[in-house]
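Residue numbers (this note's numbering): 411 to 811.
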């Protein structure tokens, strides 16, 4: 099947690469045309082998087709993934559910900050009591919340349902307080018992005096008692007491058989339990990410604006929607063949877009998807590129060649 350059999609990652690639292809086609006319030697072995596949009387016709292809290169579909997605959304506006005219906005920081301030006014200003204190001490203000939400909201675009942040915080703080009181309860008694046990060990010279001295352990137990008796006190810092007041720590300090006590058994897990007390942070951040993400998307649509990531996300969403199969068919008919350069630097969304369009598992002879990449050259992991796309491709589609 003969195809012209506008029917062959070539995707690479930078604008500079697209310009360079377009000129290299044009030059290559022109060189091949001259060789097919016997005007020049073969540029390389590949083109020489290509000509051998045709009868000499066909070479002139092949040269003409190569010349035509070179002339069509100004219309060739060589582009970055983002600009191609923008083009597909524009050309297939009805089928993608996109607006016909949309502006590419490369920096949405101001809009995102505005949306986040709206969130703060709506959900944080009305807070009172413990919820308000928690927000003030943990988030401070919208500016401090922005970097924490920025990395989440793109994946949390569903509409917000369920409890408001104030309710989420209040419930979690009650759960946190109950868990803390349960942790503290036995330590009021255990602190006195362990203090007496350590004094007894020193008095009877059963301990190594270099490792167990009253000037060390008395402050530990004083802090433990203060912490256990004060319901509002969460933090406990006894330094090396966290390791000394354990079965292993006491065995190291005791000359003979070390004492047993439930407090010693519990000490290794105490710090972990304190660090693992329930916190509203994750639930409230998810709420903020969902609300901000949905409002951010709504505002961009209202303004007919798109960011770079929106191009991919909107085309991906359109391909996964009820009308996605028709959209995929239209794009596949427009570009029967696609070549994806630097495939090792694609992210999961980009991979899903091309898999949805070219239906790799169908192995359709009317279309082709060529993936060009080297796992050793993957450099965009910090942007979400997933090297497993190329490593797993052969496993996912063993019949692909």
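Ideal Cβ positions, reconstructed from N, Cα and C, are used throughout, including at glycine.
None of these values were measured; they are calculated from a predicted model.
Evaluate residue i with the Cβ neighbour count: other Cβ atoms within 10 Å of its Cβ, from every protein chain shown; 16 or more gives buried, anything less gives exposed.
i           : result
residue 641 : exposed
residue 422 : buried
residue 532 : exposed
residue 539 : exposed
residue 455 : exposed
residue 536 : exposed
residue 595 : exposed
residue 529 : buried
residue 736 : exposed
residue 426 : exposed
residue 698 : buried
residue 738 : buried
residue 484 : exposed
residue 458 : exposed
residue 505 : buried
residue 437 : exposed
residue 618 : exposed
residue 428 : buried
residue 705 : buried
residue 728 : buried
residue 781 : buried
residue 772 : exposed
residue 593 : buried
residue 682 : exposed
Measuring only the C-alpha atoms, how far is residue i from residue j?
i           : j           : result
residue 637 : residue 588 : 15 Å
residue 534 : residue 722 : 33 Å
residue 574 : residue 556 : 19 Å
residue 753 : residue 783 : 5 Å
residue 829 : residue 626 : The chain is shown from 411 up to 811; residue 829 falls before or after that span and cannot be answered.
residue 647 : residue 559 : 31 Å
residue 760 : residue 411 : 27 Å
residue 624 : residue 612 : 8 Å
residue 495 : residue 466 : 42 Å
residue 463 : residue 726 : 40 Å
residue 664 : residue 757 : 58 Å
residue 605 : residue 685 : 25 Å
residue 777 : residue 768 : 7 Å
residue 449 : residue 442 : 10 Å
residue 486 : residue 416 : 4 Å
residue 788 : residue 547 : Interpretation of residue 788 is limited by its pLDDT of 49, a score under 50 that renders its predicted location unreliable; the figure taken from the coordinates is listed afterwards. Roughly 41 Å separates the two Cα atoms.
residue 779 : residue 481 : 24 Å
residue 732 : residue 762 : 16 Å
residue 639 : residue 692 : 29 Å
residue 714 : residue 707 : 10 Å
residue 502 : residue 446 : 39 Å
Taking 7 Å as the cut-off, is the CB of residue i close to at least one heavy atom of the ligand GDP?
i           : result
residue 441 : Of the ligands one can find in the structure shown there are none, so the ligand GDP has no counterpart to examine.
For residue i, name the three-state secondary structure that DSSP assigns.
i           : result
residue 486 : coil
residue 745 : coil
residue 437 : helix
residue 716 : strand
residue 780 : strand
residue 689 : coil
residue 444 : helix
residue 469 : helix
residue 637 : helix
residue 587 : helix
residue 530 : helix
residue 418 : strand
residue 648 : coil
residue 664 : strand
Using alpha carbons as the reference points, say which of the options lies closest to residue i.
i           : options               : result
residue 710 : 522, 591, 679 and 593 : 522
residue 527 : 520, 545, 552 and 518 : 552
residue 745 : 447, 434 and 418      : 418
residue 519 : 717, 590 and 740      : 717
residue 607 : 680, 673, 770 and 433 : 673
residue 670 : 678, 763 and 660      : 660
residue 474 : 444, 730, 750 and 602 : 444
residue 679 : 656, 562 and 414      : 656
residue 599 : 479, 524, 584 and 631 : 631
residue 603 : 576, 583 and 635      : 635
residue 621 : 429, 643 and 653      : 653
Should residue i be flagged as near chain B, meaning a C-beta pair shorter than 8 Å?
i           : result
residue 546 : Among the chains in the structure shown there is no chain B, since it carries only a single protein chain.
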